[in-house]
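Only one structure is covered here, and it is reproduced in the block below.
Residue numbers (the working numbering): 379 to 1211.
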């Protein structure tokens, strides 16, 4: 075995020695004022004799030598490159390999970090490290983000990067990625559903590659919140629909993998506090599983998280580079040596090889002076519509990058970070020439999804001594796609809600036309984005209310059907008792005549000077002619006692029940009629018409807002603060109690039924009849079932819960009406400035 190992090592050494190395790129990217100290990076490729890439080499396999020459080509000094200045090695070791196949993968992990996830975090960390190892083993051309999320705050890396850029990390950042994995932790328990859909839309703002496979993985132990959720008492209530994610997935070709336990294994506190099947069933119905039914890019991963279910491919190696970064320091040369020194030659060779490759750079220019190539830059910042930003708090950074993909970048020095002035101009003084990766950013967010305004752009800019010194730079509006998809999702919700009428559908078309008008010039300014955000808030509030209205509509239909069935059941039960009495009537009369002495002594009916024949006839006549009236009167009385404006429903319920009782064999055909009545006569006048009016008002307010702010000085901080304040005030004043009120009105109520006090004729007759039957049970055993049936009649009627369900129906209609003040205030708060 030892000999085999030696042979393998010998073969590898021979392969390395026979390999060819090539310089792929290099740059002197940082110089001090003396010129004798320079930060350098270079990229090389190693190929075997057959032209195949040689991978998995280490820093010790290379030797980098720097030699300084004078103007005559004479050697002045030489030394090995030393990798001991982390700051000038792009904050790393100074050596990295990037060997990648044709499998390009951009992947984002969004991890719920609330307290209930604590018991899963260790497994998640292990699985993420195993996944990272697979990426390197397969040489996947990957970019990765690992972010924690919970409710309304932006997702974020677990540990702060020294590099503040919001971007993916690639193969050159393994140590940093592992550090982020190690930093994952679960914080306090929030007791709220987590905002997975919003986290997905946040990820749209990352720098995805168009030609890569794109995946977002969400790991959570609870339902995801949505516009249907109960959490509108937050300062930032969720206004995101799963349809928004569906549209984004479809357009951007981003797959969603979600990892989530079954409902009975979810975080119990969050589910119990925020979900009830009776009150807000769409919380569960519109969870991630919903996307499985509408979008083929959705995949459910098993619980707990198992990274092996994420596909990676062992494709052909496409490219291989080794990056080196170090400081070329000749500052200790003597003055005489410095006087003659001019050019530096950097040679790179494999250990044990004598055939290096090299590149060179000059310390002095053609006149023998220290080369200090710098330039002043003036950059005019404009928004997407070509208008000056007019915002002082826009900051521009210039970074030096290792390679052309900005995979590793240096921290910007003070000179490379500038804020624009009132004229939207950024000025950089004495910038070293070369290529820079720039970031322009300005954020107004208060750590919440809802009121985010701002600018964000990245790209490349080249600084040349003889090149242009002034640039126009268009800065993109950040979060625009997030909010546009949020808007599209809300429109889809409008179309699909149970109580939507043709008028609402038409208004949804107008809203889409409004958005298309904003996008017609392929530019969205922050003023236009604010109009969209405010519209999203208003629509979200309406849809959240409409969710309860839809539940109340559907359950009111069921209530009417069930109340009708309950009355029919009571009538049927009473008729059955009457039939049984009628069948036993002659026998009972016979018994009363035969045992008159017993009756006289023991039956209170005789003392009251009545006969069993009269009592039975009273019951038969009452059941045939009067009991339905008394039941209906009791039901309608409860409706009128508890419901605001009950007349329409009372008239309909009375007629519907009478018709159902008289046509019991055809009752199954009545549901469509009930649905039409509830929607057209109750829900539409109370809720839908008010909602329709308010949507129109939202559209008017949005157009008025855009007209007011067109071409005006626009401060994203003031505007964002205004939104936050007005949204909070609305929630506090109107939405805070909505879920609690809905729970109270939609929950099953305690039993209210007491039919013994309502059905007076039966109350007067049944006790005497049961007393009579009990006297003769020994002689006539067939009387016993009849007696028991009569004795349990009131209890059976009470348990049918006819009056209780009528009360519940009234509560639902009352809650529907109670949302009118909320609806009428939405547009004014949505567009308060």
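Note that beta-carbon positions come from the ideal geometry of N, C-alpha and C, so glycine has one too.
None of these values were measured; they are calculated from a predicted model.
Given a cut-off of 8 Å, decide if residue j and residue i are closer than it, judged by their beta-carbon atoms.
i: residue 882; j: residue 1070; result: yes
i: residue 845; j: residue 617; result: no
i: residue 1185; j: residue 1151; result: no
i: residue 910; j: residue 861; result: yes
i: residue 637; j: residue 688; result: no
i: residue 402; j: residue 433; result: no
i: residue 657; j: residue 1124; result: yes
i: residue 929; j: residue 1066; result: no
i: residue 364; j: residue 443; result: Nothing can be reported for residue 364, as the shown portion of the chain is limited to 379 through 1211.
i: residue 912; j: residue 1209; result: yes
i: residue 771; j: residue 1095; result: yes
i: residue 1117; j: residue 608; result: yes
i: residue 722; j: residue 702; result: no
i: residue 698; j: residue 477; result: yes
i: residue 756; j: residue 678; result: no
i: residue 649; j: residue 606; result: no
i: residue 426; j: residue 693; result: no
i: residue 572; j: residue 528; result: yes
Could you tell me if residue i is buried or exposed, where buried requires 16 or more neighbouring beta carbons within 10 angstroms of its beta carbon?
i: residue 1022; result: exposed
i: residue 386; result: In this prediction, residue 386 scores a pLDDT of 40, lower than 50, which makes its location untrustworthy; the coordinate-derived value is nonetheless stated afterwards. Residue 386 is exposed by the Cβ-count criterion.
i: residue 1109; result: buried
i: residue 748; result: exposed
i: residue 926; result: buried
i: residue 843; result: exposed
i: residue 832; result: buried
i: residue 1191; result: buried
Is DSSP giving residue i helix, strand or coil here?
i: residue 594; result: strand
i: residue 387; result: With a pLDDT of 41 at residue 387, under the threshold of 50, the modelled position of that residue is not reliable, and no figure is offered here.
i: residue 600; result: coil
i: residue 1148; result: helix
i: residue 616; result: coil
i: residue 856; result: coil
i: residue 676; result: strand
i: residue 1094; result: helix
i: residue 382; result: Because residue 382 sits at a pLDDT of 42, beneath the cut-off of 50, its placement in the model cannot be relied upon, and the point is left open.
i: residue 538; result: coil
i: residue 1215; result: Absent from the structure is residue 1215, since the part of the chain shown begins at 379 and ends at 1211.
i: residue 414; result: coil
i: residue 956; result: helix
i: residue 645; result: coil
i: residue 807; result: strand
i: residue 479; result: strand
i: residue 801; result: coil
i: residue 392; result: For residue 392, the predicted structure reports a pLDDT of 48, less than 50, and the residue's modelled location is therefore unreliable. A value from the coordinates is still provided. Note: residue 392 maps to helix in three-state DSSP.
i: residue 489; result: strand
i: residue 565; result: coil
i: residue 1133; result: helix
i: residue 892; result: helix
i: residue 1210; result: coil
i: residue 727; result: strand
List the DSSP bridge partners of residue i.
i: residue 1200; result: None, per the DSSP bridge assignment.
i: residue 572; result: 602
i: residue 837; result: 816
i: residue 405; result: 419
i: residue 832; result: 821
i: residue 547; result: 522
i: residue 587; result: According to DSSP, which records beta bridges pairwise, residue 587 is partnered with nothing at all.
i: residue 633; result: 593
i: residue 786; result: 780
If you compare alpha carbons, which of the options is closest to residue i?
i: residue 973; options: 416, 808, 1155, 673; result: 1155
i: residue 1016; options: 722, 781, 963, 941; result: 941
i: residue 710; options: 414, 1100, 1127; result: 414
i: residue 950; options: 1112, 1161, 1041; result: 1041
i: residue 619; options: 686, 868, 1160; result: 868
i: residue 1188; options: 1164, 936, 727; result: 936
i: residue 1174; options: 955, 785, 430; result: 955
i: residue 405; options: 705, 610, 552; result: 705
i: residue 1014; options: 744, 1032, 997, 908; result: 1032
So is residue i in contact with chain C if we call contact Cβ pairs under 8 Å?
i: residue 786; result: Of the protein chains in this structure there is only one, and it is not chain C.
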